[in-house]
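In UniProt numbering, the protein residues as written are 1 to 199.
Built from N, CA and C at the ideal position, the CB exists for glycine as well.
Since the structure comes first, as structure tokens, the remarks are kept for the end.
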Ligand code: HEM
């Protein structure tokens with residue numbers, strides 16, 4: 001699901017840039033044709049609408065799996081502020097201890113939660129600007145069509161910002177990349193601690 005999402009996100013981002021370029025939000029700011037998927041806005045929209053089905057279906061499976069198996073709770077929580085500060089300071093000193101790649105540090109947990117929420121926000125704002133008549137209530141809730149559009153663009157910026165940090169850090173610890181390709185190391189059977197006794 002991670003790698004399907006990578007492919008689909010690249011389609012959504014680069015086709016989004018093609019759509020943006022037809023009617024820019026920031027005057028004078030364009031994406032170079034090299035980074036735009038689709039020769040012109042209509043083609044970019046076709047890519048965008050094709051990609052959205054894969055994004056939503058894959059995303060629903062991912063969220064369903066994460067909640068149903070308890071993976072989200074187990075891997076992304078809890079997040080302790082003191083741990084975030086310590087991890088940021090360590091990373092700035094290029095101390096990226098990552099012995100056990102199956103356990104995320106506090107910054108990873110926070111960034112993963114942010115990007116999952118940004119993905120969901122993209123679907124919500126995307127639906128609003130795709131069908132603004134049918135979903136007029138949602139459009140009003142988001143502050144009108146143009147605001148929904150700007151929010152959609154802002155969501156893309158958050159996701160691209162995440163990607164830059166995420167890919168850079170993964171390259172620093174290449175064994176994480178390998179684990180993401182192979183499915184990771186074999187885990188010992190999980191132990192549950194109940195009333196102080198491991199079961
Ligand atoms: C179900 C998911 C999505 C739907 C239904 C959707 C729908 C749309 C629509 C209808 C537009 C055209 C807006 C207009 O006419 O002005 C658009 C633009 C755009 N989309 Fe999406 N989108 C989705 C997901 C995403 C994702 C995941 C990204 C990137 C991470 C993204 C990035 C963009 C960008 C950058 C634009 C151009 C913004 C603008 O200038 O209007 N979209 N999207």
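Using C-beta distances below 8 Å, list every residue in its chain close to residue i, excluding the 5 sequence neighbours before and after it, in chain order.
| i | result |
| --- | --- |
| residue 24 | 30 |
| residue 77 | 109 |
| residue 194 | Here the model assigns residue 194 a pLDDT of 48, short of 50, so the residue's position is not dependable, and the following value carries that caveat. For residue 194, where only same-chain residues beyond five positions count, there are no Cβ hits under 8 Å. |
| residue 96 | 90, 169, 172 and 173 |
Can you give me the Cβ contacts of residue i inside the same chain, cut-off strictly under 7 Å, excluding the 5 residues immediately before and after it?
| i | result |
| --- | --- |
| residue 152 | 122, 125, 126 and 129 |
| residue 37 | 11, 14, 15, 18, 44 and 47 |
Using only alpha-carbon positions, find the residue among the options that is nearest to residue i.
| i | options | result |
| --- | --- | --- |
| residue 154 | 2, 17 and 88 | 17 |
| residue 35 | 28, 169, 80 and 21 | 21 |
| residue 1 | 185, 49, 181 and 131 | 181 |
| residue 26 | 188, 146 and 166 | 146 |
| residue 158 | 142, 174 and 118 | 118 |
| residue 84 | 53, 132 and 104 | 104 |
| residue 120 | 41, 10, 183 and 59 | 59 |
| residue 39 | 74, 19 and 141 | 19 |
| residue 7 | 86, 163 and 184 | 163 |
Cα separation between residue i and residue j?
| i | j | result |
| --- | --- | --- |
| residue 56 | residue 12 | 12 Å |
| residue 139 | residue 45 | 20 Å |
| residue 111 | residue 88 | 12 Å |
| residue 47 | residue 4 | 15 Å |
| residue 179 | residue 188 | 16 Å |
| residue 51 | residue 70 | 28 Å |
| residue 107 | residue 165 | 11 Å |
| residue 142 | residue 82 | 34 Å |
| residue 186 | residue 72 | 19 Å |
| residue 32 | residue 14 | 10 Å |
| residue 132 | residue 49 | 15 Å |
| residue 65 | residue 74 | 13 Å |
Report all residues from its chain with a CB closer than 6 Å to the CB of residue i; omit the five preceding and five following residues, and keep chain order.
| i | result |
| --- | --- |
| residue 149 | 129 |
| residue 176 | 101 and 170 |
| residue 42 | none |
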